[in-house]
Structure formats: C-alpha cells, structure tokens
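Count the sequence shown with mature numbering (1 follows the signal peptide of the UniProt record, and there is no 0) and you get residues -36 to -1, 1 to 287, in order.
Ideal Cβ placement from N, Cα and C applies to all residues, glycine included.
All remarks here apply to the structure that follows.
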Amino acid sequence: MRIRPASAVTSAFVGLSVTALTALGSLGVASPPVHAAQRVSSPVVIGHRGVPARAPENTLASIDRAAKLGVRWVENDVQRTKDGALIVMHDTTLARTTDVEQRYPDRAPWKVSDFTLAEIQKLDAGSWYAPRFAGERVPTLSSYLRRVDRNRQKLLLEVKAPELYPGIERQILAELDRTGWLDRRHVDGRLVVQSFDAASLRTVHQLRPDVKTGFLGAPKPSELRSYAAFADQINPSYKSVTEAWVRSVHALKGPHGRRLEVSAWTVDDGDDAVSLARKGVDGIISNAPHEVAAALAEDADDDAFLNGLTNPADTDALVDGIL
C-alpha cells in the first residue's frame, strides 16, 4: 500500500514567508499579519473490518487495535450459522481467514451456513495473519457489538449476502436491540446499517425507520431518487467516484430529511483519499484508517495554512516584491 508522503507544501511556504517577512522587516516595512491556520473539514474515516493493516480483519483484536489508533468508526459484516447464530465474517466461506480446511478437511467448500456456532468457535481466526494472533476467534455479533460499545466506537454494519439468510434483517435488528444499540444515543449518531442488496436495505428501513442506512453501490444520477426513499447514504467503490456524481448525491435528501451522504471504499492510499476529500465525499472506508486519516489531516493543515497565511493578492505582492 502507498500512503501519501509528508507534504513539502507547508514547509516550502513557511520558508518563503520567513524569508519574505525578514526582508520586509529589514527595510522597515510592517509585516502582514499571519493568521492562525484553521482546519478544513475532512471526511470521516472508517476502519474496514477494523484495521486489517495491523490485525486480522473482523476480529475483536482488529477493532481493539483500531481503537488504540484513534479510529472511531469501524465496519463489519454479519452472517448466520447453520444453527441460526449471527457471527462477524466477511467471506461467505471460512477458508481464507480461519484454519477450517485443516480442522474440517472433508467439508469443502466450508460455507459459513454449513457450520454450527460451536464448530466455528473452535476455529483459529488469527494465525493466518500473524503468529501473535494465534487463537483469535470468529466473534459473534453480540460479542462484537459489546466490544465496539466498550471501545466507544461507532459502527457501520453490513448485512452480508442476505439472499443466503432469509429473515436475517429482523434477526440483526433484534440483536442490536438486545445489546442496546437501538436506543436513541446509538441510533442518532453511532450506527449505520448498509448492504449491497436494495431489497434487504428496504426491509431494514421498513422495520426500523429511525435507523440510518447505506446502499453499497453507485447508481446512476437518474436512479438516485429511488434509493433516497430508503437510504441515507450511497456508498460506492472509490474508483467510480467523480465530483459531479457526488454533487448529484448531495442534491437529494434521504428518508430522514437530511442530505444524502457518500462513503467511498476501500481506500488505502493517501493520495487517493485526498483526491476523494476534494471531490466532496463524506466518508472514506479504509484498511489502514489511521494512515489515511493522517494524510487527510496533513492535507487539511496545508490548505488551512495557505488560506490563513494571507490573501492571494497579498501573497503575489509579497513574492513579487522580494524575488
């Protein structure tokens, strides 16, 4: 992954400004005021399955590491076991991120829905990533929700492959309610439920109209109004995002009467994150959220410094007079 290197913009202008101001002072000319930099707004950065750049995805270790790095929003995926339990897992099979092939070699293709919760909880979900995570387990949704709450984090919850799990929307909402995630404090600012499946998202909205929802995809501008009836966010792959498309999304209001939002995924490059911020996205989903946040903060500081240093006419006159 390539993260945007430290910018030379601020340091270059600081050097120019110090030289210019020193020269003006030696001529007895009063220096123009240098205003304190003010941070420009940046997109919210969301840890994709926690912080996979530092810990195995969709585990408690991953969201704990995200919390230690100051990542306030985390994203995860929910699926259902053979015996009806809800677990946190991205892939619809267990092979990539557990030792299921070694433990149950005769049960290919190792679908989540073919295993009971007790069988899944015997799996090692950390060794594939690094030896220090050996013994990490696949979390239940309940344990995951409680840990996110304990960490004082916020949650972007994906209903994964709902076509495989009829009725899972009602079950997820029941678990959210049981663990306290549907009270006013959580619903008003700490929870978004998203899905690639529009029908599933409509079901969530119908069952709990107060819950904020996000559609995963990039509908054409002409189609956006139909999604605004049940989705508060339109969350596309970052590769499909243009400034004009973001404006089209922002021009509409969602079911709660607020402007539709855009959270783009999955962005691990600082330059890409800065480009998206300049296109106006509201959120960025990343495997390395701490590094993306640092790149955005640096870019915001550069902009704030240049905007606050002096106005463009003053800058031109200052540079022309010195050079």
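Residue i, DSSP secondary structure in three states
{"i": "Phe(-24)", "result": "Because Phe(-24) carries a pLDDT of 40, less than 50, the predicted location of this residue cannot be relied on, and no value is offered for it."}
{"i": "Val157", "result": "strand"}
{"i": "Lys124", "result": "coil"}
{"i": "Phe179", "result": "strand"}
{"i": "Gln117", "result": "coil"}
{"i": "Ala195", "result": "coil"}
{"i": "Val226", "result": "coil"}
{"i": "Lys184", "result": "coil"}
Host alpha helix (DSSP H) of residue i (start-end)
{"i": "Ser26", "result": "24 to 32"}
{"i": "Arg166", "result": "162 to 171"}
{"i": "Gly234", "result": "234 to 243"}
{"i": "His214", "result": "207 to 214"}
Any non-hydrogen atom of the ligand PLP within 6 Å of residue i CB
{"i": "Ala98", "result": "Summarising the ligand content, the structure contains no ligands, and the ligand PLP is consequently not present."}
Rounded straight-line distance, which links the Cα of residue j to that of residue i
{"i": "Ile10", "j": "Ala72", "result": "33 Å"}
{"i": "Leu171", "j": "Asp152", "result": "17 Å"}
{"i": "Gln135", "j": "Lys124", "result": "13 Å"}
{"i": "Tyr93", "j": "Arg149", "result": "35 Å"}
{"i": "Asp47", "j": "Glu21", "result": "24 Å"}
{"i": "Ser212", "j": "Ala241", "result": "16 Å"}
{"i": "Thr230", "j": "Glu100", "result": "24 Å"}
{"i": "Glu122", "j": "Asp265", "result": "33 Å"}
{"i": "Asp55", "j": "Ile27", "result": "18 Å"}
{"i": "Ala195", "j": "Val175", "result": "10 Å"}
Terminal residues of the beta strand (DSSP E) in which residue i lies
{"i": "Val9", "result": "8 to 12"}
{"i": "Gly131", "result": "Gly131 -> no beta strand (DSSP E), and no H or E assigned at all."}
{"i": "Gly247", "result": "247 to 250"}
Quick one: any contact between the stretch 66 to 77 and the stretch 43 to 51, if contact means 3 or more CB pairs under 8 Å? Contact check between the stretch 66 to 77 and the stretch 43 to 51: three or more CB pairs, one atom from each, fall below 8 Å, which counts as touching.
Practice task
Flag this pair as touching only if the stretch 101 to 119 and the stretch 136 to 145 have three or more C-beta atom pairs under 8 Å; answer yes or no.
Solution key: Touching, yes.
Query raised in the report: Can at least three beta-carbon pairs, one atom from the stretch 233 to 240 and one from the stretch 216 to 223, be found at a separation below 8 Å?
Result: These segments do not touch.
Original post:
In chain order, which beta strand (DSSP E) runs of at least 3 residues are fully inside the stretch 21 to 90?
Top reply: Unbroken beta strand (DSSP E) stretches of 3 residues or longer found wholly inside the stretch 21 to 90: 37 to 44, 50 to 52, given in chain order.
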